[in-house]
Amino acid sequence: MYAGITLILNPRRLIDSESSYLGTFVADEKSLMELSDQFTTIMREAGLPESLDDWQLSRCDLCVNVQTGRNRVARELNAALHKGRMPKKYKRALYTDQKSSAKELKKKNRHYLRYKTDSVTIVVYDKKFQMTEEGLHVDYDHCSNGILRAELQVERSFIRSFAKKHGIDKDDTAELLKALSGHSEELLLRYIRQIDPPGMHYKPEVLKAEIERLDVTAVTKEYMFDLAEQARRCRTLDKAIAKTAQNFDLSQKSVRILMESFEKNNISPIPLRQSYFRDSLPSLSVILKTLAEDGCTILEV
110 MYAGITLILN PRRLIDSESS YLGTFVADEK SLMELSDQFT TIMREAGLPE
160 SLDDWQLSRC DLCVNVQTGR NRVARELNAA LHKGRMPKKY KRALYTDQKS
210 SAKELKKKNR HYLRYKTDSV TIVVYDKKFQ MTEEGLHVDY DHCSNGILRA
260 ELQVERSFIR SFAKKHGIDK DDTAELLKAL SGHSEELLLR YIRQIDPPGM
310 HYKPEVLKAE IERLDVTAVT KEYMFDLAEQ ARRCRTLDKA IAKTAQNFDL
360 SQKSVRILME SFEKNNISPI PLRQSYFRDS LPSLSVILKT LAEDGCTILE
410 V
């Protein structure tokens, strides 16, 4: 920001205006050099401060595109996420657009999930739906049918805390971009896990069978069966948990232990829809964790 001016930059598009909207920017040494050079060229032409470090970083969007190959996979992950948990101190922010009718907004919000605080916003949405709606150009022949986009939008207060923690000058914009990009996998996974319990999603009957064969106490199994059923009926997992807690008069500690029982056994209490074409599907947090740990870009689900 300079003299009341705020710049909103898409690094990939700044470096190459012909690049696709699908891609993400990796802030390695080469890319940062290209970004810095192109930024300087444009700012010089505009008569504004030329160096990246002359401008303060007030927000940075860390993101990943999960290309699923099939639209139904992306849509099912999206549906499961909409049933996920809302972290404490966060608020759900709906997609708004004065040009859209109530019916159109309802449709868009089925493809868009956003939880926010003053310093952090977690966003997951159907990327191809967004590009189609906004008329953005994309070469559909070179991308999959389903693309789920996960974003962690960090604001100024988060960036300053991050800079202090990692010993970076808050005014060293280039170094901050590099460090945030270097920690993007870790940060994205940490925050996505807050809204998406890790584990495998199953169709309702398969989920019951998976719980049935667990080596846990009969009481724990009863609680797990009930939560799975409530999660099928309720719109969100938070409401399902509240219902199960009410049914069995569970304390907060008991609820925490119940959720740990699901996680330890790699099971998500959120079921797949009956119409889904397979019996199981890893949660988004599991997919991101596996990709990060294996250092790969392709995962068979």
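Here my numbering runs 109 ahead of the position in the sequence shown, where the first position is 1.
We put the beta carbon where it would ideally sit given N, CA and C, even for glycine.
Since this is a predicted model, take the numbers as computed values, not measurements.
- Minimum Cα-Cα distance from C169 among the listed residues E284, L289, V135 corresponds to L289.
- Distance from the CA atom of I256 to the CA atom of I151, rounded to whole angstroms, is 32 Å.
- For N187, the three-state secondary structure derived from DSSP is helix.
- Inter-residue distance for L285 and M142 is about 14 Å (C-alpha atoms, whole angstroms).
- By the neighbour-count definition (other C-beta atoms within 10 Å, threshold 16), H310 is a buried residue.
- In the structure shown, T230 falls within a strand segment according to DSSP collapsed to helix, strand and coil.
- Distances from the alpha-carbon of P378 to those of I320, V175, K216 put I320 closest.
- The beta carbons of T282 and L397 sit about 27 Å from each other, so the pair does not count as a contact at 8 Å.
- For secondary structure counted as the beta strand (DSSP E) over 3 or more consecutive residues, the segment 263-327 holds these complete runs in sequence order: 309-311.
- Around L190, the same chain offers L222, V233, I304, D305, L393 as residues with beta carbons nearer than 8 Å, after the five sequence neighbours per side are excluded.
- K200 is bridged by DSSP to K225.
- A337 sits close to P313, with the two beta carbons spaced by under 9 Å.
- With the rule of 3 Cβ pairs closer than 8 Å, the segment 261-276 does not count as touching the segment 114-126.
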